[in-house]
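Residue numbers (this note's numbering): 74 to 171. By construction, the Cβ of each residue, glycine as well, lies at the ideal position given by its N, Cα and C atoms. Just so you know, these numbers come straight off a predicted model, no measurement behind them.
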Amino acid sequence: MHSPSIRRNENSGARETIDSAINPITVTVSTGRRISGLGNTTLWKLIKNGDLQVVRVGRRTLITMASLQALLAPRGLSQFGPRRRGRPRKLPQPEASE
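Encoded structure:
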């Protein structure tokens with residue numbers, strides 16, 4: 074078992090124990106940015122489109138970790154098919170009969 078690290082609270086000078094095994098249920102948008110590597114605008118767009126689930130407590134917006142993990146989870150190519158590059162191919166046009 075690991076021992077929790079201790080850090081000094083900058084505001085009050087009090088010591089608090091931090092256990093790295095804590096898995097949060099929700100995170101703030103700024104923490105979500107750091108976790109995901111996405112930008113602020115992108116996260117807010119995902120929230121607006123409903124791709125990320127949020128909980129609003131007062132004026133605070135919290136992103137659920139489950140929805141953030143689902144968004145960032147790797148997806149297999151079989152789900153989407155092979156990636157096509159370049160310009161789409163032209164489909165052969167049926168010849169007009171007179």
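Alpha carbons only, please: which of Q142, K163, P167 is nearest the one belonging to G110? Counted from its first residue, the sequence shown places residue 110 at position 37. Distance from the Cα of G110 is smallest, within the candidate group Q142, K163, P167, for Q142.
For I98, count neighbouring Cβ atoms within 10 angstroms of its own Cβ and tell me buried if that reaches 16, exposed if not. Within the sequence shown, the letter at position 25 stands for residue 98. The Cβ neighbour count for I98, taken over all protein chains shown within 10 Å, is under 16; the residue is labelled exposed.
Every unbroken alpha helix (DSSP H) within the stretch 92-144, with a cutoff of 4 residues, ordered by chain: Whole alpha helix (DSSP H) segments, 4+ residues: 102-109, 113-122.
Just mark L145 as buried or exposed, buried being the case when its beta carbon has 16 or more other beta carbons within 10 Å. Taking the sequence shown and counting its residues from 1, one reaches residue 145 at position 72. Exposed, by the Cβ-count rule.
Please go through the same chain and pick out, in chain order, the residues whose beta-carbon is closer than 8 angstroms to the beta-carbon of M172, but skip the five residues on each side of it. It is not possible to answer for residue 172, since the shown part of the chain is limited to 74 through 171.
Where does G159 land, buried or exposed, given buried means 16+ other C-beta within 10 angstroms? Counting from one through the sequence shown, the residue named residue 159 turns up at place 86. It is exposed - the Cβ of G159 has fewer than 16 other Cβ atoms within 10 Å.
Let me confirm a value: L125 is counted as buried when at least 16 other C-beta atoms fall within 10 Å, else exposed. Which label applies? For the purposes of this step, residue 125 is identified with residue 52 of the sequence shown, where counting begins at 1. Burial call: buried.
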